[in-house]
Each structure stands twice: as structure tokens, then as C-alpha cells.
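Colleague:
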Amino acid sequence: MRDDAVGEENQLPGNSARSEFAAGLVALFAAAGNPTLQRVATAAERRLRLTRGGGQRTTKLVPRISDWRAGRNLPSRFETFQPVLLTLIELARAGGGQVAAASNRAESAGAAEPTATGAAPAASKATGAAVAGVAFELLDVAAWHRLWTAAQDEGVARAAVVNTLRRDLGTFVGRDAELGRILAAAEPGRVLSIHTIDGMAGVGKTALATRAAHLLAERFPDGQYFVELHAHTPGQVAADPADVLGTLLLDLGVDSRSLPESLAARRNMWRDQVSGRRVLLVLDDARDHDQIEPLLPAGDGCLTLVTSRRRLIALDGASPVTLEVLDAPDAVELFAALSGRPATRETAAIVELCGRLPLAISLLAGRLAHHPRWTLGELIAEFTATRARLDEFDDGGHRAVRAAFTTSYARLPADRQRLFRRLGAHPGLDIDVYAVAALDDSTVAEARRAMEALYLEHLIDETSYGRYRLHDLIRAYARELIDEDPIDREESIQRVLDYYQYTALRLVHPRRGLSAPAHVPRRPDLSTPAATVNWIRVERANLLAGLAAVAARGQLARAVDLATALVGEIRLHSTWPQAVAMQQRLAVSGDTINPHDSETLALKDLGGAGYLAEDYGTICALLINAMKTTAGESDPALHAEAWAILARTRMLTGDYRAAIADVGRARELYRTIGDRYSEARMLKNLGWACHLTGDYATAAAALRDSLTLYGALGDRANEASILGSLGWVECLSGDRAAATEPVRAAAAIYRELGRRSDEAFHYSLLAWLHHLNGEYDGAVERLRQALALYRETGDSSAQAFVLTHLAYVHEMRGEYPLALREGEQAREVYRVAGNAAGEASVRNILGRTLCYTGEYHRAEESIQQALALYSRLGNTIGEADARGNLGLLHRFRGEDSSSGDLLAQALQLYRKVGHRTGEAETLNRLGVLYAESDATQSLSTFQEALRLAREIRSLLEEARALEGIAHHRIRSGEPGEALADLDRAVALYTRLGAAETASAEESLRRLRSSVSGPENPK
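Those letters in the sequence shown? Residues 1 to 1018, per the UniProt record's numbering, in order.
1) Which same chain residues, not among the five before or five after residue 497, have their C-beta less than 6 Å away from its C-beta?
2) Applying the criterion that 16 or more other CB atoms from any shown protein chain within 10 Å of the CB defines a buried residue, is residue 881 buried or exposed?
3) Taking the beta strand (DSSP E) that residue 195 falls in, what are its first and last residues?
4) Which stretch, first to last residue, makes up the alpha helix (DSSP H) that contains residue 777?
5) Going by DSSP, what residue range makes up the beta strand (DSSP E) through residue 306?
6) Would you say residue 535 faces chain D, with C-beta separation under 7 Å as the test?
7) For residue 205, count the other beta carbons within 10 Å of its own beta carbon; 16 or more makes it buried, fewer makes it exposed. Which is it?
8) Does the beta-carbon distance from residue 941 to residue 956 come in below 7 Å?
9) What is the DSSP secondary structure of residue 29, reduced to helix, strand or coil?
10) Quick one: measure Cβ to Cβ for residue 532 and residue 566, integer angstroms, because I've assumed they're closer than 8 Å.
11) Note down, in chain order, each residue of its chain lying with its Cβ closer than 8 Å to the Cβ of residue 644, except the 5 sequence neighbours on either side.
12) Residue 923 and residue 900 - do their beta-carbons sit closer together than 7 Å?
13) Evaluate the contact criterion for the segment 216 to 227 versus the segment 334 to 344: three or more CB pairs, one atom per stretch, below 8 Å.
14) If we ignore side chains and look at the alpha-carbon of each, how far apart do residue 1007 and residue 699 end up?
15) Is the distance from the Cβ of residue 793 to the Cβ of residue 816 below 7 Å?
16) So, using beta-carbon positions, are residue 280 and residue 236 closer together than 7 Å?
17) Just the C-alpha distance for residue 194 and residue 230, rounded to the nearest angstrom, thanks.
18) Alpha carbon to alpha carbon, what distance is there between residue 405 and residue 41?
19) Among 25, 46 and 196, which residue has its Cα nearest to the Cα of residue 143?
20) How close, in whole Å, do the beta carbons of residue 292 and residue 306 come, if the pair is a contact with beta carbons under 8 Å?
21) For residue 460, which of helix, strand or coil comes out of DSSP?
22) Ignore the nearest five residues each way along the sequence and tell me which others in residue 984's own chain have a CB closer than 7 Å to its CB.
23) Is residue 203 helix, strand or coil when you go by DSSP?
24) Between which two residues does the alpha helix (DSSP H) holding residue 322 run?
25) Where do the N-terminal and C-terminal ends of the alpha helix (DSSP H) with residue 402 fall, by residue?
26) In chain order, what residues of the same chain have a beta carbon less than 6 Å from the beta carbon of residue 1021, not counting five sequence neighbours either side?
27) Please name the residue, chosen from 723, 675, 729 and 750, that lies closest to residue 713 on a Cα-to-Cα basis.
28) DSSP on residue 830, reduced to helix/strand/coil?
29) Can you tell me where the beta strand (DSSP E) holding residue 864 begins and where it ends?
30) Can you say whether residue 408 is buried or exposed, counting buried as having 16 or more other CB atoms within 10 angstroms of its CB?
31) Using 8 Å as the threshold, is the segment 409 to 427 in touch with the segment 481 to 493, meaning 3 or more CB pairs across them?
32) Alpha carbon to alpha carbon, how far is residue 18 from residue 299?
33) Which residues mark the beginning and the end of the alpha helix (DSSP H) in which residue 152 is found?
34) Thinking C-alpha only, which one of 71, 361, 821 and 828 is nearest residue 797?
35) Should residue 286 and residue 335 be called a contact, given that it needs their Cβ atoms to be closer than 7 Å?
36) Report the three-state DSSP secondary structure of residue 279 (helix, strand or coil).
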């Protein structure tokens, strides 16, 4: 189907009534002052409504008038034409002497199309002469009727048009999967009659439809038609399906006199005409179902490709093809092809700045192609520096990215436009319906409906249920719009920040009395620990973006609250995972801890541990910025709290000495204003910070000062908290016996206060102290107490953690059925909660236990699953442990070569992160492996393990190393030295109640027997 191109000439015979009708219409337009088509159509439709009565729908006239004036078509009824004629006559009469001038211009009979503004050029022929025996005057309605009748009687011969497809682009790249789907569906016997290609503006829908149409053209020999429906063409009215059908029927060769007037009749004629034919129809830039449905052929041999910015969910039987932005390699290829430059690393950067949107890539690459002296680096620098990002994609016409977005935006109703603008005020990259409701000051139900509407228009993407994201360039456009109304922008930002701030603080500080702001909508259901953790993890990036926004505005109080929520997230993972995660980070900071602390600090992964976000440095920088902005304000309490939260954040980055300085500043401010409670809290924080540097004496002193203050204030809960911290510091200082009493006292206070979860945690801490001392019976007893309390409180995550620890202890003691039972219970809890870290840990323990029970197939399956999870989570310690366990399994199966490789990998990982307990364990396993093949290497490996085990005070690994050395000496003929080593190993195994005790005792008995000789027969 042909365009109504500007300047197209009338192709009708020069002396026909039809040509005179068109030429006369051009002359009448000139006499009327060349009004735009839209102006004439609007006035004519107003006349038609007055004639037919108000409320009746009128047909869009712009494309029809254009066809009449160009001579492509003739009004099927004079009554349809008459409102247009009367409008033009009225305008001509108002113009006075223009009629005579128009009648005496030019000398040819051709009729010209409108100019770019929509106005017709001057008449090209005098029109006062008689035509076909009809006297014709421009302002005479009767004369027009006679001319129209003559033209109708005359008819016109017109050849059928078979192909009106657009030119295919030689630079089409990518879309292989989508193109393959369309082509495959059109194979013989497999024709799917309708494909809808939807996507955001500029994503390449028309290019894909055109490429597919050209590839399929020969399969549809009866016609290949491309129809522009103009739903989003700037300056164009969306095509009326009746007009489109008229042109399609004419293209098929139907006589214009046979065209029916109504849409339904034309639809039926169209479907009848193409019945039994093989026709390919491309409907480009469709508005909606109502515009498309009458145009769809009914024949089985026809194929229709529809492109639209809307998701056409109401189009029954259609196969949707949704286009996303280009994949990175395809985007680079397109930019290189259009710019004439080779693909480089800078090309990859520039296409990302284009959001990998084909239209944006084409426009920017085209600019570069016309500036051969520009470099990509210069273009990237210019693009990155500009605030008006969409200006870089402006070609001055309707292909500009901004123009494309504007046509989509303009079609929205006012309330949707308001929401779209406000989405530009959102500080983050994605958003859920609850935040949308706050942003737009609406209900959650209203927000959900509104976002669904924007989703259907491809103005937003849905990343998961109820969660949405704007393409980078669409976000830039929305921000341009909202920036035009600074007051609404700021109010919208503050509303959504209220929502994030209130919700996050309620989660990390549930006991704090917080009142919801009036405009904060209903919050999501966060009643379970898993839901709480998931929400704050998902929203973390938005909270951080919000912190950046308030820091830039100098809103220190809000900055402190948002930073508190971000730093407090770790509390949601329960106390044990918090502590273990901190210590795992500490384990790689070898300069801050003493070597003998490694056994305590570098804990093996016990489930759910090891999670620390990596954005704490950013939080510190934003807090400092907010504090600098408000340095002149006179609220010492607020600044004290800012220093306090900054100190906590620095501890999470590992910058402990800066944290100590920050705590000192906060403490001094609190002391100045007489806030003893907060001063006690700072002393507590100072103790924690000092202990992280290995300065246990200063840490203990600060904690005791804090304990004294809390005691004077009568704050029993914080007394208990300080006692627990003191016990931990004593443990780290090497005095594990002294550590037990304050931890036991803390548990007693929490029991007195009825705080069952805190009591349970301190039983868990006591269990760990027993574990470190090799008192496994005591560890199991305390773990059972903790488990019972956690079951009372319903804390399933904590239950799973304790069960995992129990499984670990039972496996070390050789109590394999118990280890499997506890481990399976923990695994199920972690699986239901979606805790991948916990599931990985317990699967690893289960796998190692199954090695010892001889169930090698199940063992390998479990350890491999753990390894996959650890790798995905980035847990290096867990990955090392899993590889070490696989090495153990392979040795049990006699696969010494692969066992050695796996153990070497584990050793490398443990050394990389400074995990000395894992290193000692792996060295002992390698010593056993080398014993059969290289006795010298076996001995040196056991000796290295022994040295390391004694340095870190790992009794179990010391016993294993001694046993390995003893067996080497037995084989080397040194029974006396072997006896001493094995005797020491058995003593350690017995003290620990380790699984190796029985076998080591048997070896010791045999060795003693061989050293002393045969027993006396007496």
C-alpha cells in the first residue's frame, strides 16, 4: 500500500471528470487559503455531527480528503463529501478575492499533494470551463454534484497492485530466534495466520516485520501488502480501517464505484476477495484491536504480521512476539555497520549508553558516520557528560528517540501520564506496586492497574510479579517530564522515601515505636523471617539510591535512618549468621588478628552465614557527604547518631581504626548533651570495634565501662548483651574457660527477662565454646537447649542453624545416623525458606557423613549440589570445603589421582582466604593420600599440618597429624617414636570424643604389643 507522499502527482487522464474533480478540489483549497487537512476535517465533522445529532461517532476524514484531492479515490456518496465542500466554500468566501485568483492560476490539470504542513499547493488549472458538458464553478454546490456524478459514471481502469512492501534494510542484525519462529510457522501445512510483534518505541518491530515479509514473499504470490496504520506517527491521525480497506480493495483491482460505504461491508468484501488467495499483509504501528480486526484476512492461506507498541492481548488466535533490546553482540554489530567503524571495546560501551535500543544506536551511529574525524572516545565523553541525554538521539525529525516516546506518552490518559512522569522521580532502577502507590499517592490496587496499563503500552517492563523497570532512555524521558514540575517531583520523591524508610526501619528495628506517615500505603506482607529478608535484599539498591538522593539534599535525619536500615539488614539473618559472617570477613584480614585466633575466627560454614553486602563503602561516602552538607546545623544528637552509624558501617568495610575514631566522636557528643544511655551504647560499640583489631584488653575495658553504665541505668537487657560480648572477647583472647561465665550469666538474664531467642543464642554460643574446647558432650547439650527454645519461638532459620551445628558435631564424633537425621531436618527447613547458603552447608555435611557410611553415590550427589550452590553464592570457604570432601570421597573409592587434584584445589582456596583450620584439615588428608606412594612427602605434609594445628590450637587436626606421623614411623621402623605420637593422638581423640578414637586405640594396642613382644604364656 503506497504512502500519501508529499508532492505525489495525480496520475489520472488529463481530460477526465475524475481528474477535474481532483483539480477542482485543489483549487478550492487554494481559494480557502490552503487550510490544513486536519482543520478542514474537524470543521466538516462538526457539521456532520450537527446534521446527524450529537453523540454519533463520525469517521476520520483526513486520509479520505487526502485521497480525494490526490485523485486516488472518489467520494462513494456525495453526502459524505458535502460537509467538506461546504467548509471549504465557507473559508473561500471569507477569503474574498482569492477565488478568482485561484481560478486563473496554472495551466495543467494535475492535482498536487499537500505540503509538509498539511496545506495544499495552489491550483494548477483554471476551473471555470465546462467539463464533460458540465458547467463548473468552485463555489457552486450543484456544479460540484454534477461533476461528482459525471466522475462516478466515468469509472476508472486501474491495474491490480501486488507488492507494496517496504524496502528491506541491509543492516538488519540479530533477532534470529524471533525471525525463526515467524518463518517456521509459515511452513507448508503449518501456517499460523497472525503474528503480533510488540515492543517499546524504537526497538525494531518494523524492521523485523519487513525482513520476515521479504523472506516470505514468494510463498504468498497473490499479494504482499504493507499498510501503515500511524498509531504513533507524529502529525498523523491513526488510520481509519474503512479507509485502509478501501485502498486495499483498490490495490486488488476493485472498481472504486463498487466500494461499499460502511466498514462492515468493506471488511466482508476484503475477506471475500482474498478468500482462496495466498496474501501476506503487514499492518505496521497498530493502535488496538478495533483498528486491526476488520483488516484481518479470513483465508487459511493468508499471513498477517502486526507491529504495535501495545501488547495486543485481545487479539484472539495471534502468536505474540515481544522484542526486547538487542543482545550486546548484535548491538555492537549494528553500530559498527552503520558508523563504518570497526567494533572495539569502546563500541560496546557506546551501545550500552544507547540502552541497546536499535533506534538510538542507528541515530548515534549515523552521526558518527557523518563526522569521520570524531572518535568513539570523544563521543562517549560527550554522551556521559550531558544531562539532556535524549538530545544525543535527535535527528530533527520524527525518528528522534524523544519524538518516539512522546507519541506513546501522548496517547495515555491524564492519570497515566501523571504516574509515568512521577516514575521519573523514583531514585532507583526498579520498583514494586507498593512503592508505586506511595510515589503516586494512590492505593496499591490503583497502582497495580496503572502499572499494568503502562506495561501493555511497553512504557515499562515487568521484571517479576508486581515489580517493574523502565528502560534507561525511557527513564531519562520520564525525568525530563517530571523536571518540568519541580514541586511535584520533590513531593513524589519524599512520599516514596517515606515508604522505604518506614518499612525498612520497621523490619530492622521492630521494637522501635514508629508511626506510619499518612500517605504510606499498605505494605507487603512481611510477617515471616524469609519474607523480611527477601524484601530488604530486593529493595537494597533502592534504599541505597534513596540514601544518595537525601544525602545530596542535605537531609541528614533521613540519611541516618536509611543508613541504619541498610546496615541493620545483617540483623535479619539472625545473630549467629551475623557473627559468623563478620568473622569470615575477619579471617582474611590476617594483619588484624593473632595467629592462634584462627580456630575461633575462621569458622567453617554452618549455614546461612557469610552474607555481607558489598556496598558499605558507598554508604560511608554518602553519610559523610550528608554530614558535610549539614555541618553548620546545631543538632548534636543527630550528628552523634550519624557518627555512630558511620562507625558501624566502617566496621562492616573492615576499616576498624576509622570506626574507633568515629565512635569516639559520637561518644563525646553524647556525653556533652548528657545522654548516658547513648554513651553506654558507644562504649559497647567501641569494645566491638577494638576487638576487631585484636586489641582485646581495650575492648574488654570499654565493655566493662559500658556494663557499669547500663547497670546504673537499670538496663538489664543491655547488661546481658555486654556480658555476651565480654565472653566472646575472652574467648578470642585465649581464655576460653573465663569466657564461659559471662555468657552463662547473659543467658540467665535473658531467661529472667523472658527473651527466649536471645537466651537460645547464648546457649548456642556456649555450645561453640564447648566445641572449641573439644567438649563435644557439652556442645550437644547446649545445642539441644537452644533448639528447644527456638522451636518455642518458631524461629525456623535459627532451628536450621542449630541443627546444622548438631549434624556437624555428630559427624565428628562418628555418630553418623544422628548426623544424617539432624542434617536432613535442617536441609528441609533451608529448602522451604529458600536459604541457598544454608542448604549448601548442610548438603556438604551430609555428603561428608555419607562418605563415612560408604554410600558413595549419594555422597557425591550431595557434595556436588553443595559445590554448585557455593559457587553461585561466591562462598569461597564453602567451595573449598566441598572440594576437599570430594577429594576425600575419591580417595575412599581408590581414585587417588583425582583425589589429589581436588585436595590441591581445596588447599589453594583455603590459603587464598586465610582459612587455617581448613588448610590444616586438607594437609592431613593429603598426608594420608601420599602415604602409599611417597612416604617422604607424606611425612613432611603431616608435619606441616601438625605445626599449623598447634599454632591455631586445633586439637582435632593436631591428633590427626600425630596419628599420620606415627603410622609413617611404624612403616619406617621407628616404633618407639611412633608409640609416643600415637599415644598423644589417642589422648586427644578421647578428650574430643572424635570418630577416630576407636581405630586409633586399636592401632595403639597393636603397636604396644609389637614393641613389648609376645605376651608371657603364663
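C-beta atoms are modelled at their ideal positions from N, C-alpha and C, and glycine is treated no differently.
Remember, predicted model here, so these are calculated numbers, not experimental data.
Modeller: Quick answer:
1) Working through the sequence shown from its first residue, we reach residue 497 at position 497. Spatial neighbours of residue 497 in its own chain (CB-CB distance under 6 Å, excluding positions within 5 residues in sequence) are listed in chain order as 546.
2) What you label residue 881 is simply residue 881 of the sequence shown in a count that begins at 1. By the neighbour-count rule (16 or more Cβ atoms within 10 Å), residue 881 is buried.
3) As a working note, residue 195 is residue 195 in the sequence shown. 194 to 198 is the span of the beta strand (DSSP E), which, as asked, contains residue 195.
4) For the purposes of this step, residue 777 is taken as residue 777 along the sequence shown, with counting starting at 1. Its alpha helix (DSSP H) spans residues 776 to 793.
5) Position 306 of the sequence shown, counting from 1, holds the residue named residue 306. Counting along the chain, residue 306 sits inside the beta strand (DSSP E) bounded by residues 303 to 308.
6) Although the question refers to chain D, the structure presented lacks it and comprises just one protein chain.
7) Counting from 1 along the sequence shown, the entry for residue 205 is found at position 205. Under this definition residue 205 is a buried residue.
8) Residue 941 sits at position 941 when you count from the first residue of the sequence shown. Residue 956 sits at position 956 when you count from the first residue of the sequence shown. In this structure, the beta-carbon distance from residue 941 to residue 956 does not fall below 7 Å.
9) Taking the first residue of the sequence shown as position 1, residue 29 is located at position 29. In this structure, DSSP gives residue 29 a helical state, which the three-state scheme calls helix.
10) Your numbering for residue 532 matches position 532 in the sequence shown. Your numbering for residue 566 matches position 566 in the sequence shown. Taking 8 Å as the upper bound for CB-CB distance, residue 532 and residue 566 are not in contact here, some 15 Å apart.
11) By 1-based counting over the sequence shown, the position of residue 644 is 644. Once the five neighbours on either side are set aside, the close Cβ partners of residue 644 are 662, 663, 666, 678, 681, 682 and 685.
12) Residue numbering aside, residue 900 sits at position 900 when the sequence shown is read from its first letter. Residue numbering aside, residue 923 sits at position 923 when the sequence shown is read from its first letter. The Cβ-Cβ distance between residue 900 and residue 923 does not fall below 7 Å.
13) Because the criterion of three Cβ pairs below 8 Å is not met, the segment 216 to 227 and the segment 334 to 344 do not touch.
14) For the purposes of this step, residue 1007 is taken as residue 1007 along the sequence shown, with counting starting at 1. For the purposes of this step, residue 699 is taken as residue 699 along the sequence shown, with counting starting at 1. Inter-residue distance for residue 1007 and residue 699 is about 49 Å (C-alpha atoms, whole angstroms).
15) Taking the sequence shown and counting its residues from 1, the one referred to as residue 793 is at position 793. Taking the sequence shown and counting its residues from 1, the one referred to as residue 816 is at position 816. Between residue 793 and residue 816, the C-beta gap is not smaller than 7 Å, which leaves the two residues out of contact.
16) By one-based count along the sequence shown, residue 280 stands at place 280. By one-based count along the sequence shown, residue 236 stands at place 236. Contact flag unset, no.
17) As a working mapping, residue 194 is identified with position 194 in the sequence shown. As a working mapping, residue 230 is identified with position 230 in the sequence shown. About 19 Å.
18) Your numbering for residue 41 matches position 41 in the sequence shown. Your numbering for residue 405 matches position 405 in the sequence shown. Counting only the Cα atoms, residue 405 lies some 27 Å from residue 41.
19) Position 143 of the sequence shown, counted from the start, is the residue given in the question as residue 143. The closest CA to that of residue 143, considering only 25, 46 and 196, is found on 25.
20) On the sequence shown, residue 292 is found 292 positions in, with the first residue counted as 1. On the sequence shown, residue 306 is found 306 positions in, with the first residue counted as 1. Confirmed, Cβ separation roughly 6 Å.
21) Counted from its first residue, the sequence shown places residue 460 at position 460. In the structure shown, residue 460 sits in coil (DSSP, three-state: anything other than H, G, I, E or B).
22) Here residue 984 refers to the residue found at position 984 of the sequence shown. So the list reads 962, once near-sequence residues are dropped.
23) Locating residue 203 in the sequence shown gives position 203, where the first residue counts as 1. Correct three-state label for residue 203: coil.
24) In the sequence shown, counting from the first residue as 1, residue 322 sits at position 322. Counting along the chain, residue 322 falls outside any alpha helix (DSSP H), though it belongs to the beta strand (DSSP E) covering 319 to 322.
25) Counted from its first residue, the sequence shown places residue 402 at position 402. Unbroken alpha helix (DSSP H) run through residue 402: 401 to 410.
26) The shown model of the chain, from 1 to 1018, leaves out residue 1021, and the question about it has no answer.
27) The count along the sequence shown starts at 1 and reaches residue 713 at position 713. Of 723, 675, 729 and 750, the residue nearest in Cα terms is 675.
28) Translated into positions along the sequence shown, residue 830 becomes position 830. The answer is helix: DSSP assigns residue 830 an H, G or I state.
29) As a working note, residue 864 is residue 864 in the sequence shown. Annotation for residue 864: no beta strand (DSSP E) segment contains it, though the alpha helix (DSSP H) segment containing it runs 856 to 873.
30) Position 408 of the sequence shown, counted from the first residue, corresponds to residue 408. Label assigned to residue 408: buried.
31) Taking 8 Å as the limit for Cβ pairs, the verdict is that the segment 481 to 493 does touch the segment 409 to 427.
32) In the sequence shown, residue 18 corresponds to position 18, counting from 1. In the sequence shown, residue 299 corresponds to position 299, counting from 1. Distance from the CA atom of residue 18 to the CA atom of residue 299, rounded to whole angstroms, is 34 Å.
33) For the purposes of this step, residue 152 is taken as residue 152 along the sequence shown, with counting starting at 1. Where residue 152 is concerned, the enclosing alpha helix (DSSP H) stretches over 141 to 154.
34) Sequence index remark: in the sequence shown, residue 797 carries index 797 (1-based). Out of 71, 361, 821 and 828, 828 has the C-alpha closest to the C-alpha of residue 797.
35) Numbered from its first residue, the sequence shown carries residue 286 at position 286. Numbered from its first residue, the sequence shown carries residue 335 at position 335. No, the Cβ-Cβ distance between residue 286 and residue 335 is not below 7 Å.
36) Stepping through the sequence shown from its first residue, residue 279 is reached at position 279. Three-state result, residue 279: strand.
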